[in-house]
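Participant: If you read the sequence shown in our numbering, its first letter stands for residue 46, the second for the next number, and so on.
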Amino acid sequence: MTNQLPRERRRVTPRRALAACAVAALCTLTAALPAAADTRAAPAPSSAQPLSLPAPSGRYRVGEVNLHLVDHSRPDPWHAGKVRHELMASVYYPAAHTAGHPPAPYMLPAAAAHFDDVTADGYLDLHVPAGRADWARTVTHVTRSAPVAAGRGGRLPVVLYSPGLGEPRTWGTTLAADLAGRGYAVVTVDNTYESPEVEFPDGSLATLALPSDHDAFVRKALDVRVADTGFVLDQLQELNSGRNPDADGQPLPKGLVGALDVTEVGMFGHSMGGTAAALAMDADHRISAGIDMDGNLTNLDGSLMPVARHGLDRPFLFMGKDGTTDTGPGWQAFRAHTPGWNRQLTLLGSEHSSFTDAEALVPQLRLRPCERAHDIGTIDPATAIRTNEAYVSAYFDHWLRGGSGRLLEGPSPRYPDMVFVK
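(1) Touching or not, the segment 130–143 and the segment 104–122, by the rule of three or more beta carbon pairs under 8 Å?
(2) For alanine 155, is the classification buried or exposed, using 16 other Cβ atoms within 10 angstroms of its Cβ as the cut-off for buried?
(3) On the DSSP letters alone, give me the boundaries of the beta strand (DSSP E) that glutamate 109 sits inside.
(4) Compare the C-alpha of proline 296 against each of Ala381, Pro192, Arg354 and name the closest.
(5) Quick one: complete alpha helix (DSSP H) runs, 4+ long, within the segment 378–443?
(6) Taking Cβ positions, are histidine 146 and serine 92 nearer each other than 7 Å?
(7) What does the alpha-carbon distance come out to for the pair glycine 375 and tyrosine 168?
(8) If you draw a straight line from the alpha carbon of valine 243 to that of histidine 117, how long is it in whole angstroms?
(9) From this set, Thr185, Pro174, Tyr137, which residue's C-alpha is nearest leucine 201's C-alpha?
(10) My understanding is that alanine 405 touches leucine 98, with C-beta atoms under 8 Å, so please give their C-beta distance in whole angstroms.
(11) Considering only their Cβ atoms, is the gap separating threonine 183 from alanine 149 smaller than 7 Å?
(12) In the DSSP assignment, what residue or residues form a beta bridge with valine 310?
(13) Give me the residue from His397, His142, Pro360 with the minimum Cα distance to glycine 385.
(14) Decide yes or no for the touch test of the segment 453–467 against the segment 247–264: beta carbon pairs closer than 8 Å, at least 3 of them.
(15) Are at least three pairs of beta-carbons, each pair with one atom in the segment 270–278 and one in the segment 230–239, less than 8 Å apart?
(16) Going by Cα to Cα distance, which pick from Gly368, Leu324, Asp367 is closest to arginine 354?
(17) At the level of alpha carbons, what is the spacing between serine 398 and threonine 369?
(18) Quick test of your reading: phenylalanine 465 and glycine 455, contact by CB under 8 Å. State the CB separation rounded to the nearest angstrom.
(19) Taking buried to mean at least 16 other C-beta atoms within 10 Å of its own C-beta, is proline 101 buried or exposed?
(20) Going by DSSP, what residue range makes up the beta strand (DSSP E) through histidine 130?
(21) When you compare only the Cα positions, how much space is there between tryptophan 216 and glutamine 409?
(22) Restricting to Cα atoms, I'd like to know which of Asp420, Ser240, Glu396, Arg214 is closest to aspartate 339.
(23) Would serine 207 be called buried (16 or more neighbouring beta carbons within 10 Å of its own) or exposed?
(24) For tyrosine 238, which option in Leu224, Pro246, Arg331, Ala266 has the closest C-alpha, if you only look at C-alpha atoms?
(25) Restricting to runs no shorter than 4 residues, where is the alpha helix (DSSP H) found entirely within the segment 212–260?
(26) Near histidine 382, what residues of its chain come up, given a Cβ to Cβ distance below 7 Å and the 5 sequence neighbours on each side ignored?
(27) Could you give the residue range of the beta strand (DSSP E) that holds proline 208?
(28) Since histidine 113 and aspartate 293 should fall inside the 8 Å C-beta cutoff, what is the C-beta to C-beta distance between them, to a whole number of angstroms?
(29) Just how far apart, CA to CA, sit serine 240 and serine 286?
(30) Can you grab the Cα-Cα spacing for the pair valine 310 / alanine 435, in whole Å?
(31) Exposed or buried, what is glycine 447 when buried is set at 16 or more other beta-carbons lying within 10 Å of its beta-carbon?
(32) Ends of the beta strand (DSSP E) at arginine 189?
(33) Pull up the distance between the alpha-carbon of proline 95 and that of leucine 349, whole angstroms please.
(34) Give the DSSP-derived three-state secondary structure of leucine 281 in the structure shown.
(35) Counting only the same chain and skipping the five closest in sequence on each side, list residues whose C-beta sits under 7 Å from that of tryptophan 180.
(36) Taking the straight line between their C-alpha atoms, what separation do you get for valine 407 and glutamate 212?
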């Protein structure tokens, strides 16, 4: 099966088909979609529209570097013939200055072409015909490999980001860059052969390995994400000590070594990435605070995941979409079994993708009103972005930096669209 299937064969079911119980509205996955492959793809046509993300709202400009991480102790979990497991990650951080450094691309060329042809209108169900958007030229307001600015106390709190199933790590750039502009090092991770497309430094592309058994796939994917999270944390400790992973074939940014505070780490994620944040916290006490954005804590058969059955001994925040949702049983069980700090918030007028870059990019894609509402709800996009940024930053400021946390205690007149669930 090739990557160039006709569109009418690729798009056959709504994206809730795979994980209606396990993760709310994750992606479209069907047997007609292309199988996993290492391949190369052509860039988007020049007539495609370049898009733009909002500028980070923090005091710092933002730099970024890609890391090629290789786990020699673990064979690839999705391909028996591969004796090592490779990942790609991006580190967003506050930049001392950006002069003389190029803009960071939103997606690399092969990944952008695959996202355009398969992921956007397939896995993410965004109603975007191939060739309409130039994902590689999307403006990020992030600079490649700029020197690092010293954080508070000289070190940067580390926060990990895990994307949803069927989403690339870049789909969380708005929130990652905004946190970095506030003085954090934010590490976004692609889980190879489970992320829709992962481009490596040599230009090769690893694409999603499709499931034949959906329940087994989701359970395995979560296990792999937990293991990948521990490995990434190990690699960040190595990097911070001067034993550097491959920075996408480039030198690490000046000032990055030694700048990371890896003693207390935060983690957040969207959809299955939010599920992974809870499970990774349960498995690794290096993660001291987490956020789940609309990710379920039940399995496909409706059974509770272990973390929902026994809760956590560290703070955890749920941020959910408006309206009917299937996250209820898992979230309720988790909160009932977590005696310590936890909160549940609902963003009024939002949809499942409102916690991702879709909120910023979909309004630029000239969709019909019904399609736009399906993708990102009815909330004003700028309001949704500003509200999400405020609560995510307030949460990590409180638990990783000792900030007041006042915004997390109850409704705020500044953000009337965020509702606290008792």
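C-beta atoms are modelled at their ideal positions from N, C-alpha and C, and glycine is treated no differently.
Facilitator: Short version:
(1) yes
(2) Taking the first residue of the sequence shown as position 1, residue 155 is located at position 110. So alanine 155 ends up on the buried side.
(3) Counting from one through the sequence shown, the residue named residue 109 turns up at place 64. It spans 106–116 - the beta strand (DSSP E) in which glutamate 109 sits, taken as one unbroken run.
(4) Here residue 296 refers to the residue found at position 251 of the sequence shown. Per the Cα distances, Pro192.
(5) As far as the segment 378–443 is concerned, its whole alpha helix (DSSP H) runs of at least 4 residues are 403–406, 414–421.
(6) Here the question's residue 146 lines up with position 101 in the sequence shown. Here the question's residue 92 lines up with position 47 in the sequence shown. No; because the gap between Cβ atoms is not below 7 Å, this pair is not in contact.
(7) Translated into the one-based positions of the sequence shown, residue 375 becomes position 330. Translated into the one-based positions of the sequence shown, residue 168 becomes position 123. If you take the alpha carbons of glycine 375 and tyrosine 168, they lie about 24 Å apart.
(8) For the purposes of this step, residue 243 is taken as residue 198 along the sequence shown, with counting starting at 1. For the purposes of this step, residue 117 is taken as residue 72 along the sequence shown, with counting starting at 1. Each residue's Cα considered, the two are about 19 Å apart.
(9) Along the sequence shown, one-based indexing puts residue 201 at 156. Leucine 201 has its Cα closest to that of Tyr137, out of Thr185, Pro174, Tyr137.
(10) Here residue 405 corresponds to residue number 360 of the sequence shown, with the count starting at 1. Here residue 98 corresponds to residue number 53 of the sequence shown, with the count starting at 1. The pair is a contact, with the Cβ atoms about 5 Å apart (cut-off 8 Å).
(11) One-based indexing of the sequence shown puts residue 149 at position 104. One-based indexing of the sequence shown puts residue 183 at position 138. No.
(12) Position 265 of the sequence shown holds residue 310. According to DSSP, valine 310 bridges with Val203, Ile332.
(13) Walking along the sequence shown from the start, residue 385 turns up at place 340. Among His397, His142, Pro360, the Cα nearest to that of glycine 385 is on Pro360.
(14) no
(15) yes
(16) Indexing the sequence shown from 1 puts residue 354 at position 309. Of the candidates Gly368, Leu324, Asp367, the one whose C-alpha sits nearest the C-alpha of arginine 354 is Leu324.
(17) Numbered from its first residue, the sequence shown carries residue 398 at position 353. Numbered from its first residue, the sequence shown carries residue 369 at position 324. Roughly 14 Å separates the two Cα atoms.
(18) Residue 465 sits at position 420 when you count from the first residue of the sequence shown. Residue 455 sits at position 410 when you count from the first residue of the sequence shown. Indeed they touch by this definition, with Cβ atoms about 6 Å apart.
(19) What you label residue 101 is simply residue 56 of the sequence shown in a count that begins at 1. With a threshold of 16 other beta carbon atoms within 10 Å, proline 101 meets it and is buried.
(20) Position 85 of the sequence shown, counted from the start, is the residue given in the question as residue 130. For histidine 130, the uninterrupted beta strand (DSSP E) segment begins and ends at 130–140.
(21) Residue numbering aside, residue 216 sits at position 171 when the sequence shown is read from its first letter. Residue numbering aside, residue 409 sits at position 364 when the sequence shown is read from its first letter. Cα-Cα distance, rounded: 15 Å.
(22) For this step, residue 339 is matched to residue 294 along the sequence shown. That would be Glu396, whose Cα lies nearest to the Cα of aspartate 339.
(23) Counted from its first residue, the sequence shown places residue 207 at position 162. Around the CB of serine 207, 16 or more other CB atoms lie within 10 Å, so the residue is classed as buried.
(24) Taking the sequence shown and counting its residues from 1, the one referred to as residue 238 is at position 193. It is Ala266 whose Cα lies nearest to the Cα of tyrosine 238.
(25) If we require 4 residues or more, the alpha helix (DSSP H) runs fully inside the segment 212–260 come out as 218–226.
(26) As a first step, residue 382 is located in the sequence shown; it is residue number 337 there, counting from the start. So the qualifying residues of the chain are Arg354, His355, Gly356.
(27) Here the question's residue 208 lines up with position 163 in the sequence shown. Unbroken run through proline 208: none, as it is neither H nor E.
(28) Along the sequence shown, read from residue 1 onward, the residue named residue 113 stands at position 68. Along the sequence shown, read from residue 1 onward, the residue named residue 293 stands at position 248. Indeed, because the Cβ distance is near 6 Å, the residues count as touching under 8 Å.
(29) To locate residue 240, count along the sequence shown from 1; it is residue 195. To locate residue 286, count along the sequence shown from 1; it is residue 241. Distance between serine 240 and serine 286, taken at the CA atoms: about 29 Å.
(30) Translated into positions along the sequence shown, residue 310 becomes position 265. Translated into positions along the sequence shown, residue 435 becomes position 390. C-alpha separation (whole angstroms): 19 Å.
(31) Numbered from 1 along the sequence shown, position 402 holds the residue referred to as residue 447. It is exposed - the Cβ of glycine 447 has fewer than 16 other Cβ atoms within 10 Å.
(32) Counted from its first residue, the sequence shown places residue 189 at position 144. Start and end: 187–189.
(33) On the sequence shown, position 50 is the one that residue 95 refers to. On the sequence shown, position 304 is the one that residue 349 refers to. About 42 Å.
(34) Looking up residue 281 in the sequence shown gives position 236. Helix, per DSSP.
(35) Against the sequence shown, residue 180 aligns to sequence position 135. Cβ within range, chain order: Ala89, Tyr151, Met152, Ala157, Phe160, Asp161.
(36) The sequence position of residue 407 within the sequence shown is 362, counting from 1. The sequence position of residue 212 within the sequence shown is 167, counting from 1. Rounded to the nearest angstrom, the two C-alpha atoms are 15 Å apart.
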